[in-house]
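Student:
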Amino acid sequence: MAKYVFVTGGVLSSVGKGITTASIGLLLKSRGYTVTAIKIDPYLNVDAGTMNPYMHGEVFVTEDGGETDLDLGHYERFLDINLSKRNNITAGQIYLTVIQRERRGEYLGQTVQVIPHVTDEIKSRIREVAKNSEADVVLVEIGGTVGDIEGLPFLEAIRQMRLEEGFNNTMFVHVALAPVLSTTGEQKTKPVQHSVQELRRIGIQPDAIITRSPRPLEPGARRKIALYANLPPSAVFSSPDVEVIYEVPIVLENQGLGSFVTKRLGLEDREPDLSKWEEFVKRVKSATKKIRVAMVGKYTKLKDSYISIIEAIRHAGAHLQVKPILNWYESTSIEKGELSPSKPVEENDAVIVLPGFGQRGAEGKIKVIEKVIDEDKPFLGICFGMQLAVVAIARHLAGLENANSTEIDPDTPYPVIDLLEEQRHLDKLGGTMRLGASPIVLINNTLVYKIYGGLEIVYERHRHRYEVNPKFLDRLVSAGMVVSGYSLDKGLVEFIELKDHRLFVGSQPHPEFHSRPMKPAPLFVALLRAAQGLTPYTTTN
Ligand code: GLN
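My numbering numbers the first residue of the sequence shown as 67 and each following residue consecutively.
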């Protein structure tokens with residue numbers, strides 16, 4: 067039977083609950099326990115797929131094609147596991163199921179209510195993940211902040227789970243902000259006290275509190291929080307700001323959180339093995355050789371929109387013992403002429419053109435890629451970035467004037483990126499995205515094949531609608547483009563590269579979703595190698 071750790075948040079959202087949850091998971095995993103993690107999002111969207119990255123950050127794509135909250139990315143990276151779309155539960159999914167069931171008459175005339183019908187559905191989904199994963203411990207993070215109206219049914223559900231699963235099988239961890247006043251430099255505990263009070267008002271007594279603060283919690287503040295939270299001071303942990311997020315588990319382990327959790331859950335307290343993790347953190351922090359990477363996209367003001375790519379670059383940097391410096395360029399500014407497309411190319415050792423949707427900013431990205439081609443700069447185009455690389459090759463090298471993706475210009479004379487014939491009919495019905503991991507056949511002896519270490523078939527995750535138009539392939543190939551991978555099922559173009567270029571790779575799938583701290587994604591390693599003037603791959607890669 068699984069044990070559950072429920073993580074709630076207090077005072078503010080975005081205090082790092084996701085990282086904290088992932089860190090608790092790692093402390094358990096380092097003791098030999100199997101873990102899985104669930105993110106609960108109290109919003110009414112059914113999934114994150116329809117949400118603006120500016121509001122919500124990146125949409126993390128799971129192996130099975132779920133469009134999920136970015137916290138699932140933290141869980142996968144910290145725990146080195148693959149999660150399913152079922153690991154992201156939203157209020158939208160819950161209410162949709164309950165209402166559809168009501169319409170089918172399955173409630174047999176009952177009045178359908180938040181308690182018990184909505185809470186039952188929440189509990190059943192949590193338990194279903196527990197059952198399918200067969201994990202020893204299931205971490206459940208409740209999004210938002212205690213006190214939010216939409217979060218109440220979820221808190222009520224976990225309160226009930228304590229009764230049903232038993233005290234020793236459930237633990238409540240509350241993560242809250244202890245701000246430091248900029249005027250006096252004083253650490254304040256009142257907001258934490260209030261959020262714990264709010265939690266207790268609805269029947270949840272936390273078993274541990276983790277305070278987020280710019281600096282470590284002072285002993286006086288710890289005692290005060292403990293007293294008001296009805297806990298011993300040893301149940302209050304401090305998670306101060308750290309240089310790299312991967313340090314968080316170590317900081318918490320050093321305060322004894324790992325054995326606190328195992329004891330509380332009645333698990334055997336084993337000796338943790340965090341040696342590889344510590345080594346990785348050391349590598350990230352000690353690297354001094356700077357590699358400048360241009361990040362060209364249109365959501366550059368909210369870096370969370372590209373969090374998996376940022377982390378993938380970090381993993382590759384740690385592997386190569388270099389320190390990537392990310393410089394951000396807003397493609398809409400390039401498009402409007404406020405920023406020269408040469409800038410990202412001149413000011414950096416490598417260029418990444420980021421994923422995206424829609425017309426705005428696309429011309430700016432195409433212009434940057436044309437400069438990349440001229441200057442022989444190491445380049446990686448991801449998803450939309452790959453599609454626009456094909457457009458740039460068409461215009462700049464194949465002489466197809468005004469070539470474009472029909473997503474940007476439906477009337478282009480050369481639709482080198484287009485919807486497939488079969489998608490056009492489906493379009494009206496929605497659901498046309500290619501989502502999730504699928505097999506890709508790599509072409510022998512291409513650069514991408516070598517970068518992937520000579521694998522014939524690789525799996526990467528997708529999230530896109532448009533495809534390289536096979537009608538123009540001959541002309542693009544004559545102009546120097548190489549197709550280095552096709553989808554196994556339909557023969558769609560998955561990877562492209564450019565002949566006689568230091569490194570110019572376009573990837574239709576998102577390689578960033580598979581990158582893990584100690585297993586960096588090969589394409590990012592290749593980019594950072596080429597950025598240093600090395601061959602993009604080693605034979606032992
Ligand atoms: N807008 C492009 C498409 O739908 C690319 C999507 C992306 O970059 N994720 O095909």
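All C-beta atoms in this analysis are idealised placements derived from N, C-alpha and C, irrespective of residue type, glycine included.
The structure displayed is predicted, hence computed values, not measured ones.
1. So, A596 versus P444, is the Cβ gap smaller than 7 Å?
2. Enumerate in chain order the residues of its own chain whose CB-to-CB distance from R278 is below 6 Å, with the five nearest sequence positions on each side excluded.
3. Could you have a look at M452 and say whether DSSP puts it in helix, strand or coil?
4. Do you know offhand how far G599's Cα is from I106's?
5. Looking at the ligand GLN, does it come within less than 6 Å of G422, judged from the CB to the closest heavy atom?
6. Does R529 pass the burial test, meaning 16 or more other C-beta atoms within 10 Å, or should it be called exposed?
7. Does the structure place the stretch 218–237 close enough to the stretch 116–135 that three or more beta carbon pairs sit under 8 Å?
8. Exposed or buried, P602, counting other C-beta atoms within 10 Å across all chains shown (16 or more means buried)?
9. May I ask you to check if the CB of H528 is nearer than 6 Å to at least one heavy atom of the ligand MN?
10. Mind checking N678: buried by the 16 CB within 10 Å criterion, or exposed?
11. Unbroken beta strand (DSSP E) runs of length 3 or more, entirely within the stretch 271–307: which are they?
12. Helix, strand or coil for M547, going by three-state DSSP, please let me know.
13. For W343, list the residues DSSP reports as bridge partners.
14. Assuming the contact rule is C-beta atoms closer than 8 Å, V203 and V101 should be a hit. Round their C-beta distance to whole Å, please.
15. Go ahead and label F72 buried or exposed: buried means 16 or more other beta carbons lie within 10 angstroms of its beta carbon, across all protein chains shown.
16. What residue range is occupied by the uninterrupted alpha helix (DSSP H) comprising K613?
17. Buried or exposed: where does T604 fall if 16 or more other Cβ atoms within 10 Å of its Cβ makes it buried?
18. Quick check on the burial criterion: 16 or more other C-beta atoms within 10 angstroms. Buried or exposed for P119?
19. Can you tell me which of the three DSSP states I418 falls into?
20. Measure the CB-CB distance between L539 and A382 and report whether it falls below 7 Å.
21. Which residues in the same chain as R541 place their Cβ atom closer than 8 Å to its Cβ, once the five residues preceding and following it in sequence are excluded?
22. State the Cα-Cα distance for the pair N607 and L386, rounded to the nearest angstrom.
23. Could you work out which residue in L392, A416, S341, F450 is closest to H567 when comparing CA atoms only?
24. Under the assumption that S550 contacts F561 (Cβ atoms under 8 Å), give the Cβ distance between them as a whole number of angstroms.
25. Would you list the one or two residues that DSSP bridges to A253?
26. Report the residue from P108, P282, Y480, P575 whose alpha carbon sits nearest the alpha carbon of L446.
27. To the nearest angstrom, how far is the alpha carbon of K402 from that of G430?
28. Looking at the unbroken beta strand (DSSP E) that takes in M121, where does it start and where does it end?
29. K351: which of D146, H260, V388 sits nearest, CA to CA?
30. Should the stretch 312–327 be called in touch with the stretch 86–100, which here means at least 3 C-beta pairs below 8 Å?
31. Is there at least one non-hydrogen atom of the ligand GLN closer than 6 Å to the beta-carbon of R97?
32. How is I400 classed by DSSP in three states: helix, strand or coil?
33. Please confirm whether any heavy atom of the ligand GLN lies closer than 6 Å to the CB of R531.
34. Which full runs of the beta strand (DSSP E) of 3+ residues lie inside the stretch 467–524, going along the chain?
35. Which class does S79 belong to by DSSP, given the choice of helix, strand or coil?
Tutor: Answer, in terms of the structure:
1. Here residue 596 refers to the residue found at position 530 when the sequence shown is read from its first residue. Here residue 444 refers to the residue found at position 378 when the sequence shown is read from its first residue. Yes, the pair counts as a contact, with Cβ atoms nearer than the cut-off.
2. Sequence index remark: in the sequence shown, residue 278 carries index 212 (1-based). Correct list, in chain order: V81, G82, L243, S305.
3. What you label residue 452 is simply residue 386 of the sequence shown in a count that begins at 1. Of the three classes helix, strand and coil, the one that applies to M452 here is helix, per DSSP.
4. Residue 599 sits at position 533 when you count from the first residue of the sequence shown. Residue 106 sits at position 40 when you count from the first residue of the sequence shown. Roughly 45 Å separates the two Cα atoms.
5. In the sequence shown, counting from the first residue as 1, residue 422 sits at position 356. Yes, the ligand GLN has a heavy atom inside 6 Å of this Cβ.
6. As a working note, residue 529 is residue 463 in the sequence shown. It is buried - the Cβ of R529 has at least 16 other Cβ atoms within 10 Å.
7. These segments do not touch.
8. Your numbering for residue 602 matches position 536 in the sequence shown. That one is buried.
9. Only the ligand GLN can be found as ligands here, which leaves the ligand MN out of the picture.
10. One cannot answer for residue 678 here, as it falls past the ends of the chain, which runs 67 to 607.
11. Within the stretch 271–307, the complete beta strand (DSSP E) runs of at least 3 residues are 274–279, 302–306.
12. Here the question's residue 547 lines up with position 481 in the sequence shown. The answer is strand: DSSP assigns M547 an E or B state.
13. Translated into the one-based positions of the sequence shown, residue 343 becomes position 277. Answer is none; W343 lacks a bridge partner.
14. The residue labelled residue 203 in the question sits at position 137 within the sequence shown. The residue labelled residue 101 in the question sits at position 35 within the sequence shown. So it is a contact: roughly 5 Å between Cβ atoms.
15. Walking along the sequence shown from the start, residue 72 turns up at place 6. By the neighbour-count rule (16 or more Cβ atoms within 10 Å), F72 is buried.
16. This structure cannot speak to residue 613, because the chain is shown only from 67 to 607.
17. In the sequence shown, the residue the question calls residue 604 occupies position 538. Classified as exposed, T604 has fewer than 16 neighbouring CB atoms from the shown chains inside 10 Å of its CB.
18. Start at 1 with the first residue of the sequence shown, and residue 119 comes out as number 53. Buried, since its Cβ has 16 or more Cβ neighbours within 10 Å.
19. Residue 418 sits at position 352 when you count from the first residue of the sequence shown. Strand at I418.
20. The residue you call residue 539 lines up with position 473 of the sequence shown. The residue you call residue 382 lines up with position 316 of the sequence shown. Going by C-beta atoms, L539 is not nearer than 7 Å to A382.
21. Locating residue 541 in the sequence shown gives position 475, counting from the first residue. Once the five neighbours on either side are set aside, the close Cβ partners of R541 are A460, A464, L466.
22. Locating residue 607 in the sequence shown gives position 541, counting from the first residue. Locating residue 386 in the sequence shown gives position 320, counting from the first residue. Annotation note: pLDDT 45 at N607 (below 50); position unreliable, no value reported.
23. Taking the first residue of the sequence shown as 1, we reach residue 567 at position 501. Nearest C-alpha to H567: A416.
24. Within the sequence shown, numbered from 1, the residue matching residue 550 stands at position 484. Within the sequence shown, numbered from 1, the residue matching residue 561 stands at position 495. Going by Cβ atoms, the distance from S550 to F561 rounds to 4 Å, so yes, they are a contact pair.
25. Counting from one through the sequence shown, the residue named residue 253 turns up at place 187. Here residue 253 turns out to be Gln, not Ala, going by the sequence shown. Per DSSP, the beta-bridge partners of Q253 are V246.
26. Translated into positions along the sequence shown, residue 446 becomes position 380. When only C-alpha atoms are compared, the closest one is P575.
27. Stepping through the sequence shown from its first residue, residue 402 is reached at position 336. Stepping through the sequence shown from its first residue, residue 430 is reached at position 364. Spanning the two alpha carbons is a distance of roughly 8 Å.
28. Here residue 121 refers to the residue found at position 55 of the sequence shown. First-last for M121: 119–122, but that is the alpha helix (DSSP H), not the beta strand (DSSP E).
29. If you number the sequence shown from 1, residue 351 lands on position 285. When the alpha-carbon of K351 is set against those of D146, H260, V388, the nearest one is in V388.
30. Because the criterion of three Cβ pairs below 8 Å is met, the stretch 312–327 and the stretch 86–100 touch.
31. Walking along the sequence shown from the start, residue 97 turns up at place 31. No; taking the cut-off as 6 Å, the Cβ of R97 has no heavy atom of the ligand GLN nearer than that.
32. Here the question's residue 400 lines up with position 334 in the sequence shown. Three-state result, I400: helix.
33. Within the sequence shown, the letter at position 465 stands for residue 531. For the ligand GLN, at least one heavy atom lies less than 6 Å from the Cβ of R531.
34. As for any beta strand (DSSP E) of minimum length 3 sitting wholly inside the stretch 467–524, the runs are 481–484, 500–508, ordered along the chain.
35. Along the sequence shown, read from residue 1 onward, the residue named residue 79 stands at position 13. S79 falls in the coil class under three-state DSSP.
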